[in-house]
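One structure is given here, and the rest of the page talks about it.
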Amino acid sequence: MKIRVPATSANLGPGFDSCGIALSQYLVIEIGSVTQKWVVEHDLSNAIPRDEKNLLIQTALKIAPELTPHSIKMSTDIPVARGLGSSSSVIVAGIELANRLGNLNLSVREKLEIATEIEGHPDNVAPAICGSFVVASYADGQVEYVKHHFPECDVVAFIPDKELLTSASRSVLPDEFSYQEAVKASSIANVMIAAVLNGNLPLAGKMMEKDLFHEIHRKHLVPHLTEIRAITQELGGYGSYLSGAGPTVLTLLAPDKSQQVAERLKDLDTTARVEILAVDQEG
Ligand code: HSE
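So this is what it looks like as structure tokens:
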């Protein structure tokens, strides 16, 4: 039995803690035989537990504490702590593991509610569960969400060779926001979302670059963001934004431009990984 969960990119600029897309990189979990104790085989860093302390098993046991231990194979091409939803992918896989082994018959909404409660915000877990583009809110303990097709485009990911923990990237955000700024910031987010729904990626990309909620406070943590935006503009991409809490920057563009942009981004920093991805419309 296999579980596959896509990478995700949260925020899309101004859709902070609310918007996200699913991407064509995956965490794959293979459920093996019943064992005495949980075993998680993987070839990732030794810092990632290979027993029941693994986040995958911890998540599953939170939902179904009586689950019978199994051997699990875990493989992923989602880079860790780069803003591409690696921990969300494990949480979502853990929920699905409990769902399948415990025959829980969880609905999509139930999975999303559990995942959001664990993660604290729905912007990565929602597209990890639903695929495509999801706009979600988490207010007064309730999750509401809308899934929508994302317009066809390529996504060039510039993935720096250094981790940036979400906690560190959230610690630079302000506690307060003036009413005037909030109105301006949400109007930018609203137009970004409406443009995506209309299939208008040039306008969506423009609004992604105008975010006032978080990028403005995180810019100093990701100095390459400004350079990437300059290249995107020069070569006619739709827009670039900090993927989730960073440090990855995603550029949305027409497929005929992605190779050229990727080559230019590689020149920026030879230690960074540059990958051409697609939006996973199915999840
Ligand atoms: N919306 C979150 C953030 C995504 O930007 O901090 C990362 O968890």
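The opening position of the sequence shown corresponds to residue -17 in the working numbering, with each subsequent residue numbered one higher. Don't be surprised by glycine CBs; every beta carbon is placed ideally from N, CA and C. All values derive from a computational prediction rather than experimental measurement.
Item	Value
Between the region 161 to 178 and the region -7 to 0, are three or more C-beta pairs nearer than 8 Å?	yes
Determine the burial state of residue 95: buried for a count of at least 16 other Cβ atoms within 10 Å of its Cβ, exposed for fewer.	buried
Which term fits residue 252, buried or exposed, when burial requires 16 or more other beta carbons within 10 angstroms of its beta carbon?	exposed
Under 7 Å Cβ to Cβ from residue 239, same chain only, skipping five residues before and after it: list those, please.	217, 218 and 219
Quick one: is residue 202 buried, meaning 16 or more other Cβ sit within 10 Å of its Cβ, or exposed?	exposed
At 4 residues or longer, what runs of the alpha helix (DSSP H) sit wholly inside the region 189 to 236?	197 to 200 and 206 to 217
Nearest CA to the CA of residue 225: which residue from 58, 102 and 1?	1
Roughly how many angstroms lie between the CA atoms of residue 241 and residue 101, to the nearest whole one?	34 Å
Using a Cβ-Cβ cutoff of less than 8 Å, which residues in the same chain neighbour residue -16 once the five nearest sequence positions on both sides are dropped?	10, 11, 12 and 13
Are the region 55 to 64 and the region 138 to 152 in contact at 8 Å, needing three or more beta carbon pairs?	yes
With C-beta atoms as the reference, is residue 259 less than 8 Å away from residue 135?	no
Let me check you understand the geometry: is the CB of residue 206 closer than 7 Å to at least one non-hydrogen atom of ligand 1?	no
How many angstroms separate the CA atom of residue 111 from the CA atom of residue 161?	33 Å
Could you spell out the range, first to last residue, of the alpha helix (DSSP H) harbouring residue 174?	161 to 179
To which residues does DSSP link residue -16 through a beta bridge?	12
Within the same chain, show all residues whose beta-carbon is closer than 8 Å to that of residue 243, passing over the 5 residues directly before and after it, in chain order.	138, 213, 214, 217, 219, 233 and 235
Scan the region 26 to 55 and note each continuous alpha helix (DSSP H) run of 4 residues or more that stays entirely inside, going in chain order.	37 to 45
Smallest Cα separation from residue 265: which of 4, 246 and 18?	4
Kindly indicate which residue of -14, 210, 99 and 204 has the alpha-carbon position closest to the one of residue 123.	99
Tell me which residues share the same chain as residue 34 and place their Cβ nearer than 6 Å to its Cβ, disregarding the 5 neighbours each side in the sequence.	20
Taking Cβ to Cβ, would you say residue 6 is nearer than 8 Å to residue 262?	yes
Taking residue 58 as the reference, give the member of 30, 211 and 157 with the closest Cα.	30
Considering only residues of the same chain and omitting the five flanking positions on each side of residue 185, which have a CB-CB separation below 6 Å?	177
With 16 as the cutoff for other CB atoms within 10 Å, does residue 106 come out buried or exposed?	buried
Is DSSP giving residue 98 helix, strand or coil here?	helix
Between residue 202 and ligand 1, is there a pair consisting of the residue's CB and a ligand heavy atom that are separated by less than 7 Å?	no
When DSSP labels each residue in this structure, what does residue 3 get in the three-state scheme?	strand
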